[in-house]
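What follows is a set of notes on a single structure, which appears directly below.
In the working numbering, the protein residues as written are 3 to 192.
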């Protein structure tokens, strides 16, 4: 049976590193894995979406509406934007960070309020967290991706050693300790 994970965020937040790490982890656990990156205006702070599909045999990297088992979101508005892809019984893991999209920046719109509560009211199982503060505690605001991977690891049945092997394979050595700390903070083991 194929499982589906969407990683969503804004350009420059590290979602591609997170998807690469997740792909390595899943392959190490014996799954067939397909990863597909869908970029918006990522270099301009636009949406970035990555599909990660895994199972015994995966034929397509694309996730359709109502099929995502998990949505891992680096930002609240991005989680809300992609909620229609979450399957019934699926889970959203979201950083409560707010990054203003262009319409808000230019004053044409306001950032929506109470997004986590609205997603919960819509029936979504939401695990919201202050991933940015945890990343800062680890040493860099850019470590939000590893905080979120750490939180996701709580819901995924793979040994901690496999997560660490995937992290070490994807993160440059000079950033390894900081990213390990971010992962541990997100997982709740720090």
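C-beta: ideal position from N, C-alpha, C; glycine also.
The alpha-carbon of residue 133 is positioned some 31 Å away from that of residue 60. A distance below 7 Å between beta-carbons, with the five flanking residues on each side excluded, links residue 65 to the following residues of its chain, in chain order: 6, 8, 53, 55 and 87. By the Cβ-count criterion, residue 108 is exposed, with fewer than 16 other Cβ atoms from all chains shown falling within 10 Å of its own Cβ. The Cβ-Cβ distance between residue 82 and residue 117 falls below 8 Å.
Residue 188 sits close to residue 148, with the two beta carbons spaced by under 8 Å. The alpha-carbon of residue 79 is positioned some 21 Å away from that of residue 19. The DSSP-derived three-state label of residue 25 is helix. Taking a C-beta distance under 8 Å as the contact criterion, residue 173 and residue 15 do not qualify as a contact pair.
The alpha carbon of residue 11 has as its nearest neighbour, out of 175, 85, 50 and 142, the alpha carbon of 50. Shown here, residue 56 sits in a strand according to DSSP, grouped into three states. Between residue 128 and residue 121, the C-beta spacing is below 8 Å. Within the same chain, and ignoring the five residues on either side of residue 179 in sequence, no residue has its Cβ closer than 7 Å to its Cβ.
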